[in-house]
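Chains R and V are the protein sequences, given in the same order.
Under our numbering, think of the first position of the first sequence as 1, with each following residue one higher.
Under our numbering, think of the first position of the second sequence as 1001, with each following residue one higher.
By construction, the Cβ of each residue, glycine as well, lies at the ideal position given by its N, Cα and C atoms.
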Amino acid sequence: NAGVTQTPKFRILKIGQSMTLQCTQDMNHNYMYWYRQDPGMGLKLIYYSVGAGITDKGEVPNGYNVSRSTTEDFPLRLELAAPSQTSVYFCASSYFGPSTDTQYFGPGTRLTVL
Amino acid sequence: KQEVTQIPAALSVPEGENLVLNCSFTDSAIYNLQWFRQDPGKGLTSLLLIQSSQREQTSGRLNASLDKSSGRSTLYIAASQPGDSATYLCALISSGSARQLTFGSGTQLTVLP
């Protein structure tokens, strides 16, 4: 099992550019999540999904979009990148929901918007 | 709105010392509380998960306690080792947001050889 994989590991974007952060899990988990972590801060939830075709907003969804066409993949799309989106992005997954089940995290994508 | 606080932000101890990391939260209506470890440049690894009906969980040299009435959790690390050096984050699910973890900002622990 590779667990949760994320690509790319690092990326620099110019203001106004767009990109997609990829996330794949091979554990057949139902739930998938996207978080961002700003320096010296805890993680904040951007979007989550409870299964293929079902997504919902988290605490900080503005400027992002997601889709979940398969159980394994949960890409995060940034449209019109802004300096405020400079952060480290983590994808996570779990079989059951967070009320009962721990989450498994990917290694993160470090994004800089200049 | 639930707020999670971890103090201190950084802690340095000599090897072999027993230590306690603190986590406090403002709303006692929670489903569970988790402690994670984060190594530089890596993702988070779950250490312990305590359900709201439980008072503590143990794994090896780690023991986490939960006191909902006082809004506090502690992570006890026995006989610390340099390999324990990492950032430790607590996170919880509030009853009002069953699908969202609220994270503290973490305590950066350094264990000196």
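(request) Measure how close the beta-carbons of L1112(V) and E1015(V) come, nearest whole angstrom, since I'm counting them as under 8 Å. (result) 6 Å
(request) Output the residue ranges of the beta strand (DSSP E) runs that lie fully inside the region 1020-1096 of chain V and measure 3 residues or longer, sorted by chain position. (result) Within the region 1020-1096 of chain V, complete beta strand (DSSP E) segments of at least 3 residues are found at 1030-1038, 1044-1051, 1056-1059, 1062-1067, 1072-1077, 1086-1094, given in chain order.
(message) Distance cutoff 8 Å, beta carbons only. Does Q17(R) sit that close to anything in chain V?
(response) No, Q17(R) does not count as interfacial toward chain V.
(message) Strictly under 8 Å for the Cβ-Cβ distance: is I1068(V) near chain R by that measure?
(response) In the sequence on display, residue 1068(V) carries Lys and not Ile. When Cβ-Cβ separations below 8 Å define contact, K1068(V) makes no contact with chain R.
(request) Consult DSSP for P83(R) and reduce its assignment to one of helix, strand or coil. (result) helix
(message) Rounded to the nearest angstrom, what separates T1045(V) and L114(R) at their Cα positions?
(response) T1045(V) and L114(R): Cα-Cα distance of roughly 31 Å.
(request) Return the CA-CA distance between S1059(V) and L1048(V), expressed in angstroms with no decimal places. (result) 7 Å
(request) Please work out which residues of its chain come closer than 6 Å, Cβ to Cβ, to R77(R), disregarding the five sequence neighbours upstream and downstream, and give them in chain order. (result) T20, N65
(request) Have a look at I1007(V) and L1066(V) and give me their C-alpha separation to the nearest angstrom. (result) 16 Å
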